[in-house]
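As C-alpha cells, the structure follows; a few thoughts come after it.
Residue numbers (UniProt numbering): 1 to 319.
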C-alpha cells in the first residue's frame, strides 16, 4: 500500500516516533517508494553528528552506547541509536536484543532507538544503515550512535559510515593484540578500554598506546587517537569519552576533515546503490540470449571472459 511520504516526513520532523519507524521500515524493506523517501529527506539532512561504536562481543558496546545516550541527553541533545544485530544463517531471524539493554531510555521522547538486522550483510552493519542514518538525521537527531554487530576483525565498514569511529576493548580478551589486526587500528578515532575495574586494564591501555605509536602519522597537526578508560556499567569515564568525541569533531571542523569524510560517505553510498542496480540487471539476464551467446563464445575460445564481460556491461549501460 502506498503511503503519503511528505506527511510521514513532516511527522518525523515533529519528532513522532511512529513516523520515524515507518520511514526506516520503508528503507529496510526496499519499498518501491524508497526513492521518493530519499528525495524528500535530502534537503533535511547534514546536521547530525554520527558516531560509530565497534568492538568484539562482550566489550560492553550496548552498555557504553546507553551511557553515552544518558550523557548527551543531560546536555539537552536529541539522540538517535541504530543497534545492528546479526541475522541467523539458519532462520534468517535476529534477536534485536540491544534495545533491551537500553530500555531505560524507552520513554524519553528525545531518544529514538532502532534495532536492525544485518540480513546477511558483512562488515558489521546492515545494508540499509546509511539510509536509516539519513532518516534519523532528517528527524532532528543531533547525535546518532551506530552500534555494530560485534563479530570481530572484519568490522571496518563503520569507518565509512561514521563521522567518528569509537573502538571498544576490554582487558582479559586478547584485544590488545586483536586491535593490531585487520585494520582496527586504522579505523579508530577514539579508543575506549571498558571494564577498567578489571585486572589488566592498565596493561591493555599501555599495549594499545604502544601499537598506536608504532603506526602514528608524523604529519603535523594529525589527529592522535586518545585512549579513555571507562566502567560504562557505572557511567565512570563516560564524560571523558564525550569530551574526546567533542575534541575530535572540533579538530575535523578545523582541518576540513568532516566535510571530506561526509563527501566520501556519500560517494560510497552512491557506488553501492549503483552496483546493486547493476547486479539486479545482471541477475535479470540469466536465461537471456545475450548472456548465453557470450557464454558460448567463451566456451568455444572465440573470446576471453574479460572481453565478454565488457560487452555485457556495455549492453547493460546502453540507453
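All C-beta atoms, glycine included, are put in the ideal place defined by N, C-alpha and C.
Report back the beta-carbon spacing between residue i and residue j to the nearest angstrom; my notes put them in contact at under 8 Å.
i	j	result
residue 45	residue 196	That pair is no contact at about 36 Å.
residue 64	residue 205	Residue 64 to residue 205, Cβ: 16 Å. No contact.
Given residue i, which residues of its chain have a CB within under 8 Å of its CB, disregarding the five upstream and five downstream residues?
i	result
residue 48	80, 133, 136, 137, 141, 142, 143 and 144
residue 323	The structure shown does not extend to residue 323, since the chain spans only 1 to 319, so no value can be given for it.
residue 198	170, 171 and 172
residue 281	316
Rank the options by C-alpha distance to the C-alpha of residue i and give the top, closest one.
i	options	result
residue 208	188, 165, 264 and 13	188
residue 194	281, 167 and 213	167
residue 213	234, 233, 13 and 185	185
residue 190	202, 240 and 234	240
residue 112	314, 36 and 13	13
residue 26	15, 16, 106 and 4	4
residue 292	105, 274 and 311	311
residue 41	62, 130, 78 and 278	130
residue 104	221, 273, 70 and 200	70
Under a Cβ-count criterion, where at least 16 other Cβ atoms within 10 Å of its own Cβ denotes burial, should residue i be classed as buried or exposed?
i	result
residue 227	buried
residue 60	buried
residue 271	exposed
Using a Cβ-Cβ cutoff of less than 6 Å, which residues in the same chain neighbour residue i once the five nearest sequence positions on both sides are dropped?
i	result
residue 305	298
residue 90	Low confidence applies here, because residue 90 scores a pLDDT of 39, under 50, leaving its location unreliable; read the following figure in that light. None.
residue 313	none
residue 77	142 and 143
residue 268	160
residue 329	Beyond the ends of the chain as shown, which are 1 and 319, falls residue 329; an answer cannot be given.
residue 20	12, 112 and 139
Identify the residues that DSSP records as bridge partners of residue i: which are they?
i	result
residue 227	191
residue 80	112 and 144
residue 52	146 and 165
residue 236	231
Which same chain residues, not among the five before or five after residue i, have their C-beta less than 7 Å away from its C-beta?
i	result
residue 236	230
residue 245	51, 164 and 190
residue 288	none
residue 73	79, 108, 110 and 111
Using a Cβ-Cβ distance under 8 Å, would residue i count as near chain D?
i	result
residue 8	No chain D appears in the structure shown, which is made up of a single protein chain.
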